[in-house]
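For reference, the structure is listed below as structure tokens.
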Amino acid sequence: RINGISLISQKIENKVSYAVKCPHDLRTTERAFYHAQRMATAEYDNGVHLTFWFDKRPFVQEEAAYSLGMTAFVCVCLLGAAVIFHNLVSQLVLYPVEAMIQRVQVIRD
């Protein structure tokens with residue numbers, strides 16, 4: 599059983615858009631927790647553990663925006679490479695082959 603206090607249990611304008619009463623209300627990638635290691639022996643353990651949960655949503659959203667930007671950049675680079683490749687293939691292969699075919703047709707006629 600987990601008991602605790604959430605500092606973001608209410609919406610705060612321009613800070614918290616989604617109130618969270620429990621850390622498990624967030625996705626796994628949107629939360630992080632840290633806790634102290636136990637130093638006491640089992641006879642002194644009263645079952646109380648201090649754990650700090652952190653909301654990583656702003657960082658996850660920023661990372662998602664950067665990922666979208668990187669995806670768009672890669673798409674633009676691939677599109678540019680495809681256009682350049684098409685032009686090179688046309689100049690180095692297709693046009694010379696078409697010219698040779700025309701010469702063969704002229705010789706044949």
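Going by the working numbering, the sequence shown opens with residue 599, and the numbers climb by one from there. For each residue, glycine too, the CB sits at the ideal point set by N, CA and C.
Give, in chain order, every unbroken run of the alpha helix (DSSP H) that is at least 4 residues long and sits entirely within the segment 624-699.
-> 655-687
Pick helix, strand or coil for Cys610, following the three-state DSSP scheme.
-> The identity of residue 610 in the sequence shown is Ile, whereas the question assumes Cys. Looking at Ile610 - three-state DSSP - the assignment turns out to be strand.
Is the beta carbon of Ala617 sitting closer than 8 Å to the one on Ile606?
-> yes
Ile705 by DSSP, collapsed to three states: which one?
-> helix
Given a threshold of 16 other Cβ atoms within 10 Å of its Cβ, counted over all protein chains shown, does Leu624 qualify as buried or as exposed?
-> Leu624 is classed as buried because its beta carbon has at least 16 other beta carbons within 10 Å across all chains shown.
Within the same chain, show all residues whose beta-carbon is closer than 8 Å to that of Phe652, passing over the 5 residues directly before and after it, in chain order.
-> Arg629, Ala630, Phe631, Tyr632
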